[in-house]
Amino acid sequence: MAASVKDVLADLDRDSYVSLLTKIVGEARHVQNNPPDLIPKEDRVARHVLDALLPLSTTTGGGPLIVSHVVYAEGRGNVIVEYPGSAPGKILSFVGCHMDVVTANPTDWDFDPFSLSVDGDKLRGRGTTDCLGHVALVTELMRRLGQTRPELKNTVVAVFIANEENSSVLGIGIDALVKDGLLDKLKAGPLFWIDTADKQPCIGTGGMIAWRLRATGKLFHSGLAHKAINPLELAMEALKEIQSRFYRDFPPHPKEEVYGFATPSTMKPTQWSYPGGGVNQIPAECTISGDVRLTPFYSTTDVVKKLQEYVDDINANIEKLDSRGLVSKYVLPDENLRGRLTITFDEAVMSGVACNLDSRGFHVLCKATEEVVGYVKPYSITGSLPLIRELQDEGFDVQTSGYGIMATYHARNEYCLFSDMCQGFRVFVSIISQLEEDSN
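Residue numbers are given in the UniProt record's numbering: position 421 of the sequence shown equals residue 421, and the series is strictly consecutive.
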């Protein structure tokens, strides 16, 4: 009797995984992504992936893996690895493992963020949760496939990407791979985006719109407030009105409960700035910045349009805006001066994702999670994951999961647990096994 896929692929090997992750986290300093100051060189991580997999590839003649290193910017490559199955059109993929990280300041950490340290089950260092731990995990899966060579009907593909942590520079990572058609065949089966946390399916994410509201008034001595237009008061009252209209037009959506979103859509300030001056000066201008986090059942385009309409209406009727005290005003008729608001938006607007809950990919992920972790509880957050909505719009069946720890995501003292990564490996094996059973 032929051994089952689960028996052949078995469990994650601790020594092999920790050895690979040690090499990869050792590159974390060089793959911090915060341009223009820090430009990652993802090939420093990619070379460790390639060193692990090329000996088992058709490139070297050592195995069945088909390995491609796709580069759109010097030193910033992507890696596509394929384990061929026997049935045409049968395919599944693990995508989203990115080889860049957010920044880390070693003086803020209790241990060196740029080298892996092992503390029992804890594997500590920048990227262990997001997302170098997953890079090593999926590399180990593909290595195991190349070593054991199970007879599969489904082709299994892994895609390791550059440039996930910053969207100001395009044409380097998965957006370029999709544009060039290099991932088209992945549309034929479920695509598992491995870049979340806590071992449960993440079935919904939020869109994000960064905005800046600038209020222009008239600078004057604070002892003569009747001769000034106070931009601070204007900005505060205007923002209150804008938020009220936003929550009226984009209330909690019925589907948010179905997907288990922790919060509805929100619009709120997060930063405040002004040019400076004395405490006895009413300044000429100020800027409040913030973001909209939007559940995927609303359109980011519609929100941007509405926010602009709110500002235009307030400007046209600024006399009607609430003021503060007897001399607070936003119009000085004798001087023909009016306060004014302008709102601008970052170019990098991200749309949220609602995964297809009827797809086979979702069902096998849930079954695998319950089988391995012991329970399944899909969740949704209005945090944003770049790129995956674009994949969904292109026709990919995107499902998302991850095996790091949400509490350490982008945080100081980041770590993951080896035991969680072991469960992730077993979830991947279960997914492959279930899809093989579908093919019989």
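The C-beta atom is built at its ideal place from N, Cα and C for all residues, glycine as well.
Under the three-state DSSP convention, the category residue i falls into
i: Q243; result: helix
i: D180; result: coil
i: N34; result: strand
i: R426; result: helix
i: I91; result: strand
i: H134; result: helix
i: D119; result: strand
i: Y17; result: helix
i: residue 443; result: Outside the modelled stretch of the chain, which goes from 1 to 440, sits residue 443, for which no answer is possible.
i: V258; result: helix
i: I39; result: coil
i: T103; result: coil
i: R149; result: coil
i: M1; result: Here the model assigns M1 a pLDDT of 42, short of 50, so the residue's position is not dependable, and the following value carries that caveat. Residue state, collapsed to three classes: coil.
i: Y83; result: strand
i: A354; result: strand
i: L9; result: helix
i: R324; result: coil
Distance between beta carbons of residue j and residue i, contact taken as under 8 Å
i: K90; j: S430; result: The Cβ separation is near 17 Å, so there is no contact.
i: F362; j: Q399; result: 5 Å
i: W193; j: G96; result: 4 Å
i: Y379; j: C202; result: 6 Å
i: Y72; j: G171; result: 6 Å
i: L53; j: R143; result: 6 Å
Identity of the residue in the options nearest residue i by Cα
i: D322; options: A235, Y403, R214; result: A235
i: R44; options: I209, R76, A316; result: R76
i: F160; options: S68, I381, V169, I242; result: S68
i: Y403; options: T369, I432, A104; result: T369
i: P333; options: P190, K227, S115; result: K227
i: C231; options: V178, Q147, A407, L337; result: In the sequence as presented, Cys is not what sits at residue 231; that position holds Pro. The option with the nearest alpha carbon to P231 is L337.
Which residues DSSP lists as bridging residue i, in chain order
i: E285; result: T216
i: H98; result: I161
i: R293; result: M208, T266
i: N78; result: V70
i: L65; result: S57
i: A197; result: G404
i: D397; result: P190
i: L337; result: L332
i: A225; result: BP columns for A225 are empty, so no partner.
Short Cβ contact (8 Å threshold) for residue i with residue j
i: T300; j: V349; result: yes
i: D100; j: N163; result: yes
i: L239; j: L213; result: yes
i: L152; j: E437; result: no
i: residue 447; j: H221; result: Residue 447 cannot be examined here, being either before or after the span of the chain that is shown, 1 to 440.
i: V372; j: F345; result: no
i: residue 443; j: T295; result: Beyond the ends of the chain as shown, which are 1 and 440, falls residue 443; an answer cannot be given.
i: L65; j: G146; result: yes
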